[in-house]
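Asks: Following this message is one structure expressed as structure tokens.
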Amino acid sequence: MGRDGNGAPTDHYGGRHHDEMHQKPSSALLEGFKNNKSRRFELPDLADHVVEFSSDQHGSRFIQQKLETAEPEVAAAVFAEVLPSAHQLITDVFGNYVVQKFLEYGTDEQRRLLAGELKDHVLSLSLQMYGCRVIQKALEVFDEAQQTAMVNELDGHVLRCVRDQNGNHVIQKCIERVPPARIQFIVSSFYGNVLTLSTHPYGCRVIQRVLEHCTPEQKTEGIMDEILREAVQLAQDQYGNYVVQHVLQHGGEDERRKILATLAGQIVILAQHKFASNVIEKCLTYCGAEERQIMITEMLGTTDENEPLQAMMKDQFANYVVQKLLEVCDEGERDQLLSRMQVHLPNLKKFTYGKHIVARVEKLIQSNLPPPKPITAVAGTADGTGGDEAEEGAPEGGGGVGDAAEESPAPDTE
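Just so it is clear: in the sequence shown, position 66 is 66 by full-length UniProt numbering, and no numbers are missing.
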């Protein structure tokens with residue numbers, strides 16, 4: 001934030017800061033609007049006061065609601081007052097919503113005029129708390145030519161925007177709404193920076209948008225290769241783990257196979273990690289049978305004591321991984337695992353996190369037992385009853401236990 005010639009605070013955009021702008025006393029019309037509940041106001045009643053109303057919480061909401069159904073000539077009269085003050089309203093906490101309404105419901109000509117107001121200011125607005133919302137709305141409604149003109153103003157400033165709490169939303173919107181061919185400079189700026197960005201609270205969101213919306217050619221060489229190469233480090237990061245999970249859930253079979261190949265040999269260690277345990281669960285859920293068998297072999301270990309599996313069942317994070325494994329494995333794998341686990345159950349009950357899995361395993365073991373044989377009636381007895389009733393608390397089958405570790409909040413997009 002800077003200062004204008006009078007020492008008053010200004011925002012990135014050069015306009016008056018919101019607090020300064022709202023120190024002016026309200027007009028009698030605005031006070032009457034807020035306090036006189038009996039009078040029914042319409043948009044024409046706001047003549048010469050549209051900017052003031054737009055900068056007021058209640059006035060802005062009123063204008064937004066009315067614009068959605070306003071006659072063209074009424075909306076045009078409101079727009080005629082908004083346009084000369086667009087710079088002020090775009091960066092205003094309440095005024096930005098009025099500008100967004102004109103972008104959404106306005107005519108092509110009104111959008112064209114607003115595009116002119118945004119010209120040469122896209123970067124500064126993208127970094128401004130309220131301006132970034134207007135830029136995002138413009139990217140949603142503008143045609144390709146207008147979009148292209150806007151995003152080109154960000155060339156050379158992409159990484160700065162990605163790391164900014166406001167600008168990252170604009171970059172995400174560019175990736176989501178602008179044709180991939182028009183944003184190659186954005187994607188190219190990520191090449192060689194994927195690890196750094198994926199471990200950043202805002203950057204990890206942007207990388208996920210690239211994985212969702214960009215072409216295979218844009219992703220493979222510069223983005224995916226670095227993710228696969230750094231998968232172990234990313235899996236253990238509070239933000240990077242989301243990027244690896246995203247590839248496992250939405251990527252191709254070959255990409256899943258490569259990620260598991262990178263993680264192999266460290267499955268047990270990663271399963272006991274707060275963030276990486278979520279990645280291992282995703283591996284179990286989305287990788288194929290061959291990859292799952294690799295993981296099972298690693299968890300069982302090389303001795304009859306199954307030390308790795310024992311350690312996992314006692315661990316606060318890995319016990320959920322074991323539960324996920326029991327949920328997704330096939331019948332043969334489940335029988336193999338249960339036979340190994342059964343001998344460790346008495347010892348597991350002594351551990352806080354071991355208790356979590358004991359009930360699950362005992363339930364599965366019980367469900368795998370053959371049904372009791374019916375009792376043969378003896379001749380001459382009063383009642384020849386059938387087989388014993390099912391044991392109380394017999395398992396209802398299926399269903400996993402919730403995901404593992406407490407997750408870091410992941411960002412949204414707005």
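Virtual Cβ for every residue (Gly too), placed ideally from N, Cα, C.
Leaving aside the five residues before and after Val194 along the sequence, list all residues of the same chain whose C-beta is less than 7 Å from its C-beta, in chain order.
Replies: The residue you call residue 194 lines up with position 194 of the sequence shown. So the list reads Ile207, Ile223, Glu226 and Ile227, once near-sequence residues are dropped.
Asks: Using 8 Å as the threshold, is the C-beta distance between Leu211 and Val178 below it?
Replies: Sequence index remark: in the sequence shown, residue 211 carries index 211 (1-based). Sequence index remark: in the sequence shown, residue 178 carries index 178 (1-based). No, they are not a contact pair.
Asks: Going residue by residue through the segment 305-343, where are the continuous alpha helix (DSSP H) segments of at least 4 residues, counting only ones entirely within it?
Replies: Listed in chain order, they are 307-314, 318-328 and 331-342.
Asks: I believe Gln249 touches Gly240 by the beta-carbon criterion, under 8 Å. Please report the beta-carbon distance rounded to the nearest angstrom.
Replies: Working through the sequence shown from its first residue, we reach residue 249 at position 249. Working through the sequence shown from its first residue, we reach residue 240 at position 240. Not quite, the Cβ-Cβ distance comes to about 15 Å (not below 8 Å), so this is no contact.
Asks: Go through the segment 113-183 residue by residue and report every complete run of the beta strand (DSSP E) that reaches 3 residues or more, in order.
Replies: Counting only runs of 3 or more, we get nothing.
Asks: Give a yes or no on whether the C-beta atoms belonging to Arg205 and Asn168 are separated by under 8 Å.
Replies: Locating residue 205 in the sequence shown gives position 205, where the first residue counts as 1. Locating residue 168 in the sequence shown gives position 168, where the first residue counts as 1. A contact, by the Cβ cut-off of 8 Å.
Asks: With distances taken between CB atoms, is the gap from Leu125 to Gly131 smaller than 8 Å?
Replies: Locating residue 125 in the sequence shown gives position 125, counting from the first residue. Locating residue 131 in the sequence shown gives position 131, counting from the first residue. Taking 8 Å as the Cβ cut-off, Leu125 and Gly131 qualify as a contacting pair.
Asks: Looking at the unbroken alpha helix (DSSP H) that takes in Tyr286, where does it start and where does it end?
Replies: If you number the sequence shown from 1, residue 286 lands on position 286. Taken as a continuous stretch (DSSP letters only), the alpha helix (DSSP H) holding Tyr286 covers Ala276 to Tyr286.
Asks: Using the rule of at least 16 other Cβ atoms within 10 Å of the residue's Cβ for burial, across every protein chain shown, is residue 450 buried or exposed?
Replies: For the chain, the structure presents residues 1 to 414; residue 450 sits outside this window and is missing.
Asks: Measuring CB to CB, does Leu139 end up less than 8 Å from Lys173?
Replies: Your numbering for residue 139 matches position 139 in the sequence shown. Your numbering for residue 173 matches position 173 in the sequence shown. Cβ atoms of Leu139 and Lys173: closer than 8 Å.
Asks: At what residue ranges does the UniProt repeat "Pumilio" (189-225) contain a whole run of the alpha helix (DSSP H), taking only runs of 4 or more?
Replies: Qualifying alpha helix (DSSP H) stretches, in chain order: 194-198, 203-213 and 216-219.
Asks: Taking the beta carbon of Asn278 as the centre, do at least 16 other beta carbons fall within 10 Å, making it buried, or is it exposed?
Replies: The count along the sequence shown starts at 1 and reaches residue 278 at position 278. Asn278 comes out buried.
Asks: What whole-angstrom Cβ distance do Pro308 and Val244 have, given they're in contact under 8 Å?
Replies: Counted from its first residue, the sequence shown places residue 308 at position 308. Counted from its first residue, the sequence shown places residue 244 at position 244. The pair is not a contact, with the Cβ atoms about 21 Å apart (cut-off 8 Å).
Asks: Alpha carbons only, please: which of Glu104, Asn152 and Arg257 is nearest the one belonging to Asp120?
Replies: Taking the sequence shown and counting its residues from 1, one reaches residue 120 at position 120. Nearest option by C-alpha distance: Asn152.
Asks: Kindly indicate which three-state DSSP category Arg39 falls into: helix, strand or coil?
Replies: If you number the sequence shown from 1, residue 39 lands on position 39. Of the three classes helix, strand and coil, the one that applies to Arg39 here is coil, per DSSP.
Asks: Which one of Leu326, Lys324, Lys314 and Lys66 has the shortest CA to CA distance from Pro346?
Replies: Here residue 346 is taken as the residue at index 346 of the sequence shown, counted from 1. Among Leu326, Lys324, Lys314 and Lys66, the Cα nearest to that of Pro346 is on Lys314.
Asks: Can you tell which of Phe53, Lys219 and Thr285 has its C-alpha closest to the C-alpha of Ile186?
Replies: What you label residue 186 is simply residue 186 of the sequence shown in a count that begins at 1. That would be Lys219, whose Cα lies nearest to the Cα of Ile186.
Asks: Does the Cβ-Cβ distance between Val328 and Thr285 come in under 8 Å?
Replies: For the purposes of this step, residue 328 is taken as residue 328 along the sequence shown, with counting starting at 1. For the purposes of this step, residue 285 is taken as residue 285 along the sequence shown, with counting starting at 1. Yes, Cβ-Cβ distance for Val328 and Thr285 is below 8 Å.
Asks: Do you know how far the Cα of Val321 is from the Cα of Glu281?
Replies: Against the sequence shown, residue 281 aligns to sequence position 281. Against the sequence shown, residue 321 aligns to sequence position 321. Rounded to the nearest angstrom, the two C-alpha atoms are 6 Å apart.
Asks: Hey, Asp237 and Thr199 are a contact pair by Cβ (cut 8 Å); roughly how many whole angstroms apart?
Replies: Position 237 of the sequence shown holds residue 237. Position 199 of the sequence shown holds residue 199. Right, the Cβ-Cβ distance comes to about 5 Å (below 8 Å), so this counts as a contact.
Asks: How should Ala276 be labelled, buried or exposed, when 16 other C-beta atoms within 10 angstroms of its C-beta is the threshold for buried?
Replies: Along the sequence shown, read from residue 1 onward, the residue named residue 276 stands at position 276. Buried, because 16 or more other Cβ atoms sit within 10 Å of the Cβ of Ala276.
Asks: Under 8 Å by Cβ, that's how I've got Leu154 and Val122 pegged, so tell me the actual separation to the nearest angstrom.
Replies: As a working note, residue 154 is residue 154 in the sequence shown. As a working note, residue 122 is residue 122 in the sequence shown. About 6 Å separates the two Cβ atoms, so the contact holds.
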